[in-house]
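For what it's worth, this note's numbering labels the leading residue of the sequence shown as 126, then goes sequentially.
We put the beta carbon where it would ideally sit given N, CA and C, even for glycine.
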Amino acid sequence: MGFEITLAKIHLSPIILYWRSAKIFLLTLVVLTIPLAMAMLGLMPWLLSILLLLCITALSGVFIWTTKLLWEKSGLYITNRRVYIEVYRSPWETFSTDLYFHNMRDTAYSYHGFLGKIFKYGTLFARNGSESDAAQGLVVNHLPEPDIVRDYISYVTAIEAEKRINALKYEDFYVQRRPGQSIASKGEMDKKMLFLLRNMKGITGAELLTDADKDVLWMTEEERNLGVFETLMRKHVVVATHDDKLRPPAADIVVQRAGRVVFPGVPFPEIPQKDVVSCSPGIKAHEYLATRIKVVGSDATLLIGWN
Numbered sequence: 126m127g128f129e130i131t132l133a134k135i136h137l138s139p140i141i142l143y144w145r146s147a148k149i150f151l152l153t154l155v156v157l158t159i160p161l162a163m164a165m166l167g168l169m170p171w172l173l174s175i176l177l178l179l180c181i182t183a184l185s186g187v188f189i190w191t192t193k194l195l196w197e198k199s200g201l202y203i204t205n206r207r208v209y210i211e212v213y214r215s216p217w218e219t220f221s222t223d224l225y226f227h228n229m230r231d232t233a234y235s236y237h238g239f240l241g242k243i244f245k246y247g248t249l250f251a252r253n254g255s256e257s258d259a260a261q262g263l264v265v266n267h268l269p270e271p272d273i274v275r276d277y278i279s280y281v282t283a284i285e286a287e288k289r290i291n292a293l294k295y296e297d298f299y300v301q302r303r304p305g306q307s308i309a310s311k312g313e314m315d316k317k318m319l320f321l322l323r324n325m326k327g328i329t330g331a332e333l334l335t336d337a338d339k340d341v342l343w344m345t346e347e348e349r350n351l352g353v354f355e356t357l358m359r360k361h362v363v364v365a366t367h368d369d370k371l372r373p374p375a376a377d378i379v380v381q382r383a384g385r386v387v388f389p390g391v392p393f394p395e396i397p398q399k400d401v402v403s404c405s406p407g408i409k410a411h412e413y414l415a416t417r418i419k420v421v422g423s424d425a426t427l428l429i430g431w432n
């Protein structure tokens, strides 16, 4: 059994920190008026009033500093075994819950209305796959960019369990971010999808295509190969090479429509992204792709796209 290693830590939205600090600051302003008013009314010596003002201000600073420390210690952790959250509500009170990957049924996310869209924070949901605990799961509120976090969790889940658990450290899916930063940029997620493909049975290579590559394929592909055009319409397109060990297609790759034979796009469920579609390119497109990726022996090329 391998060690449990932390692949990523995501702090909760800094809006929580700002809001709590603002409440302490406003309360401090209200409390400061009391000794100031008493001194002005002659009910308290000015020296004592000034001392109280300094003490209250210092105490407020300690509270704000403590709030910041508690926020920095809190967060969502993704390890090679599970996803868990730790929230430090006070120096003496901690909330923690977790969900192991082998018990995870599915994940979802939502943004917190208009403000959530503007400040990019929302809620992540992870359901328990156990029938006895079907109603339980993991709910993380005020999470920055929950869509990217969800994609990353799906990515880690898709890695073969034995490889993920027994790894001491895999640079390809280890994420190190500063507090408050996104777990992974879109470019980093592309790299992780390439890593996932390259470690899939039957896939012998994978490379990300550029917009220039897409333009060439638009011009060279046959009209009846609808799957290629559907794939090229995706934001991210990868060319992969595969041998005969690749699993069978997830759907029919040859269909008849309106009296003619066409080649539609088919799903590629191993990629945990949106609107995933894959297809086999025609001869001319394959010849061009062979200049973009190394094709060994009888290996074939495959296009995979997602949004």
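Across the segment 321-333 and the segment 357-369, are there enough close Cβ pairs to call them in contact, namely three or more that are closer than 8 Å?
yes
Cβ shell of R417 (< 8 Å), same chain only, five flanking positions each side left out:
E332, L334, D338 and V364
Please state if the CB of P389 and the CB of L414 are separated by a distance shorter than 7 Å.
no
Does the count of Cβ pairs from the segment 140-148 and the segment 156-163 closer than 8 Å reach three?
no
From the DSSP output, in three-state form, read off T426 for me.
strand
Taking the beta carbon of L137 as the centre, do at least 16 other beta carbons fall within 10 Å, making it buried, or is it exposed?
buried
Between L342 and A410, is the Cβ-Cβ spacing less than 7 Å?
yes
Count the other CB atoms, across all protein chains shown, that sit within 10 Å of the CB of P170; report buried if there are 16 or more and exposed otherwise.
exposed
Residue(s) in a DSSP beta bridge with K134:
Y202
Alpha carbon to alpha carbon, how far is G327 from R252?
31 Å
I need the straight-line Cα distance from L132 to F250, nearest angstrom please.
19 Å
Over the uninterrupted alpha helix (DSSP H) stretch that includes E355, give me the two end residues.
L351 to L357
Integer-rounded CB distance, given that C404 should sit under 8 Å from T356
5 Å
T366 lies in the beta strand (DSSP E); which residues open and close that run?
H361 to H367
Which of the three DSSP states is assigned to W431 in this structure?
strand
When G384, D369, L371 and F354 are compared against G407, the one with the closest alpha-carbon:
F354
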